[in-house]
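Here's the structure, in structure tokens; my notes come after.
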Amino acid sequence: PTGYMENSISYSAIEDVQLLSWENAPKYCLQLTIPGGTVLLQAANSYLRDQWFHSLQWKKKIYKYKKVLSNPSRWEVVLKEIRTLVDMALTSPLQDDSIHQAPLEIVSKLLSENNNLTTQDHESIIVAIAPLLENNHPPPDLCEFFCKHCRERPRSMVVIEVFTPVVQRILKHNMDFGKCPRLRLFTQEYILALNELNAGMEVVKKFIHSMHGPTGQCPHPRVLPNLVAVCLAAIYSCYEEFINSRDNSPSLKEIRNGCQQQCDRKPNLPLRLLHTSPDLVSQEATLSESRLKPVIVTSNEIHVEVERNNTANQKMTANVGNDSEPNLIDCLMVSPTCSTISIELSAQADRILGCYVEILKMLSDYDDWRPALASLLQPIPFPKEALAHEKFTKELKYVIQRFAEDPRQEVHSCLLSVRAGKDGWFQLYSPGGVACDDDGELFASMVHILMGSCYKTKKFLLSLAENKLGPCMLLALRGNQTMVEILCLMLEYNIIDNNDTQLQIISTLESTDVGKRMYEQLCDRQRELKELQRKGGPTRLTLPSKSTDADLARLLSSGSFGNLENLSLAFTNVTSACAEHLIKLPSLKQLNLWSTQFGDAGLRLLSEHLTMLQVLNLCETPVTDAGLLALSSMKSLCSLNMNSTKLSADTYEDLKVFL
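So the sequence shown is numbered by full-length UniProt numbering: it starts at 1 and just counts up by one.
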């Protein structure tokens, strides 16, 4: 019979597959031997015929191995069949993902259905399938088997020799652990197995270095996000039992304020209150008592001790009805009145936490990884229980310190909150913050790097004055130069209205040599400013081309410019640094900065101080959208030239609305 087949032929029924090679045979045909006869299949060309031939052979053998390995009798025979199966997959001319995945799935099913294998059998099977894992991710069930092996035999040579290239491939090529959570779990268990070796974290450090590579730039963009995802999941798992046991766990804001409302919460069934007293209920009803007794909540091996005081209760009472989180710039942070929450983890969880926090510290040491790491950690992707854990925040402090020391704005700007109404690292590690464990050294370091960047604004100084004036004065009293500069700027920009507070700041400045020197410089500047702003002098002024910031400063210090309304700096070499002098001109209405190096930082300063400015020419300057948006607060601006700048269409539309 010829034509199309009326009934299908099962792969298991095919006894043999051959290419027709005798003389005068039909072209491009395959001969299938089945029970009761043969079937000839004719293809359109030799390429398609060969593709059919190898595909049918592959399917036929796969069904054979599935049948053989589904009923194992002797494991030495099974192991031999697995090796043959792997060799067949490696030597097949077919190019398809299923060619390597099918054998892995067969072995995965075999292992999941036979839990009585010895450790030696485990390792022999892993070594046998190792060649297939070089270019393929292990299937989920196989990942679970690998995880079990890492937990039970972390010192096995299989972990180092076989699993290392597999994990390296996962970290380099995986795009989403959400779709393959067991790949992440396998990577997590592999790193913990490395930590169990004699050298411990040194082995982990060498592995991280191998993933980064010897050069200054890691060639694999997916390595860092994948490593961070593994670290975050592992750290979360350390607190997972505690989190799950407390459905009514307090928010970070409540933790920061001392968990004052813990008494109002109804604990779950697994929780029990220890060291309580009969008058606990009456204490709960009368929050005005001077001090509540400590309450210890336990969940298996995790203990949380909460100590509350009367001041905390008064603070909470004052804030009733205000559930919004404080904004970083508008309100750096309300200092918590509480005291301490101590979390004690189990020994295993403590080892996991130590290992993965140490990895985050390693990642922060690589210059090329630090910007992306800072961006990934900016939303604070840790459970609130971790942020209340003193050991965790103390260890993570190294990472935050590395961000605060990095001069790149893309790194240290991630210390701020990711959006309004959400805490940032700057808040958590500032004095009074839930993670602050020093006298403000890290806080001073963060303020220093932010003040040296583009955050030297009135708004930033106002927020410090309102919420962190005490710590700033204390650090200035101890000779911290950054805080001395902060206090001088507060006086110079008239941030402080209260005369007593001003006098206290002046006394603080005069109590140290560095403060006395900077305060004297401030007084000199103030005298020069009064002379500069005195009525008189020209109304129009044009600087010669090629003039610099120093030339402008020298000119403005030579007399009175209280009447100056029009200043042209076009085609000069001035930069954003000259904004410090421009903001001292009270009558300035027209400013020409055409073809200068005036940038975003200068625009931010102008927008806060030159409220009378009406005409501004920024043609051919290096300003960007970030700086131009600051001009939206200059309501008196009538004319703005932004030709030949990096202005985007969206920013242009936004400025049209505000100006």
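Backbone N, C-alpha and C fix where the C-beta goes; we use that ideal spot for every residue, glycine too.
Remember, predicted model here, so these are calculated numbers, not experimental data.
CB contact flag (residue i, residue j, <8 Å)
i           : j       : result
Asn-566     : Ser-547 : no
Gly-452     : Ala-476 : no
residue 670 : Phe-426 : Any property of residue 670 remains undetermined from this structure, which presents the chain solely from 1 to 659.
Leu-464     : Ile-486 : yes
Leu-618     : Asn-641 : yes
Glu-608     : Lys-458 : yes
Cys-150     : Leu-85  : no
Thr-611     : Leu-629 : no
Leu-132     : Leu-104 : yes
Cys-231     : Leu-360 : yes
Asp-437     : Lys-468 : no
Met-211     : Val-203 : no
Leu-556     : His-581 : yes
Leu-637     : Lys-584 : no
Gly-440     : Leu-415 : no
Ile-82      : Ile-125 : yes
Lys-60      : Ile-14  : yes
Selection from the options that minimises the alpha carbon distance to residue i
i       : options                            : result
Gln-168 : Pro-139, Gln-217, Arg-182, Leu-227 : Leu-227
Leu-509 : Cys-523, Asn-116, Tyr-366          : Cys-523
Phe-207 : Cys-638, Gln-217, Tyr-190, Cys-180 : Tyr-190
Ala-43  : Val-162, Phe-53, Pro-35, Asn-643   : Phe-53
Val-143 : Phe-177, Cys-238, Pro-544, Cys-436 : Before going further, note that residue 143 is Cys rather than Val in the sequence given. Comparing Cα positions, the closest option is Phe-177.
Ser-55  : Gln-95, Leu-40, Thr-575            : Gln-95
Arg-351 : Ile-129, Met-201, Arg-49           : Met-201
Lys-80  : Pro-381, Ile-129, Asn-499          : Ile-129
Ser-73  : Ile-99, Leu-110, Arg-49, Arg-83    : Leu-110
Tyr-236 : Thr-539, Cys-29, Pro-381           : Pro-381
Phe-571 : Pro-544, Leu-377, Glu-134          : Pro-544
Leu-353 : Asn-195, His-412, Gly-424          : Asn-195
Arg-540 : Leu-588, Leu-450, Arg-525          : Leu-588
Asp-141 : Cys-180, His-412, Glu-653          : Cys-180
Ser-568 : Ser-576, Thr-542, Met-518, Gly-562 : Thr-542
Thr-215 : Ser-413, Glu-134, Ser-108, Asp-368 : Asp-368
Nonlocal neighbours in the same chain, by C-beta distance under 8 Å from residue i, ignoring five residues either side
i           : result
Ala-285     : At Ala-285, the pLDDT of 36 sits below 50, so the modelled position is not reliable and the matter cannot be decided from this model.
Lys-66      : Ile-106
Ser-364     : Arg-370, Leu-373, Tyr-398, Val-399, Arg-402, Phe-403
Ser-21      : none
residue 674 : Here the chain has residues from 1 to 659 only, and residue 674 is not among them.
Spatial distance of residue i from residue j (CA atoms)
i       : j       : result
Gln-614 : Asn-592 : 11 Å
Ser-417 : Pro-379 : 7 Å
Asn-322 : Ala-388 : Unreliable positioning characterises Asn-322 in this predicted model, as indicated by a pLDDT of 42, which lies under 50. A coordinate reading is not provided.
Asn-116 : Leu-90  : 29 Å
Asp-406 : Arg-604 : 22 Å
Gln-481 : Val-158 : 55 Å
Ser-339 : Lys-384 : Only weak support is given to the placement of Ser-339: the predicted model assigns it a pLDDT of 40, under 50, and the value that follows is read from those uncertain coordinates. Using only the alpha carbons, I get a separation of about 16 Å.
Glu-241 : Glu-520 : 58 Å
Pro-326 : Gly-421 : Low confidence applies here, because Pro-326 scores a pLDDT of 36, under 50, leaving its location unreliable; read the following figure in that light. So the alpha carbons of these two residues sit roughly 5 Å apart.
Tyr-63  : Pro-26  : 29 Å
Gly-213 : Pro-219 : 8 Å
Glu-113 : Asp-97  : 24 Å
Tyr-493 : Pro-586 : 14 Å
Val-77  : Cys-29  : 36 Å
Thr-596 : Gln-409 : 22 Å
Arg-419 : Tyr-366 : 26 Å
Ala-649 : His-448 : 34 Å
Asn-24  : Gly-36  : 25 Å
Close-in-space but distant-in-sequence residues of the same chain around residue i (CB under 6 Å, 5 per side omitted)
i       : result
Thr-317 : Its pLDDT being 39, under 50, Thr-317 is placed unreliably by the model, and the measurement read from it follows with that caveat. None.
Pro-267 : Caution applies to Pro-267, whose pLDDT of 38 falls short of 50 and renders its modelled position unreliable; the value that the coordinates give is listed next. Excluding residues within five positions, none has a Cβ falling inside 6 Å.
Thr-276 : Note on Thr-276: pLDDT 34, under 50, position unreliable in the model; the coordinate value appears next. Excluding sequence neighbours, Thr-276 sits near nothing in its chain.
Ile-506 : none
Thr-512 : Gly-479
Lys-646 : Thr-624
Phe-186 : Cys-143, Phe-146, Cys-147
Cys-578 : Asp-549, Leu-552
Ser-632 : Phe-658
Tyr-356 : Cys-231, Ala-234, Ile-235
Cut-off 7 Å between Cβ atoms - residues of its own chain near residue i, not counting five sequence neighbours on either side
i           : result
Thr-38      : Gln-31, Leu-32
residue 730 : Given that the chain is displayed from residue 1 to residue 659, the structure contains no residue 730 and the question cannot be resolved.
Pro-93      : His-54
Met-362     : Lys-205, Ile-208
Arg-184     : Phe-177, Ala-229, Val-230, Ala-233
Ile-496     : Ala-465, Met-490, Gln-502, Ile-505
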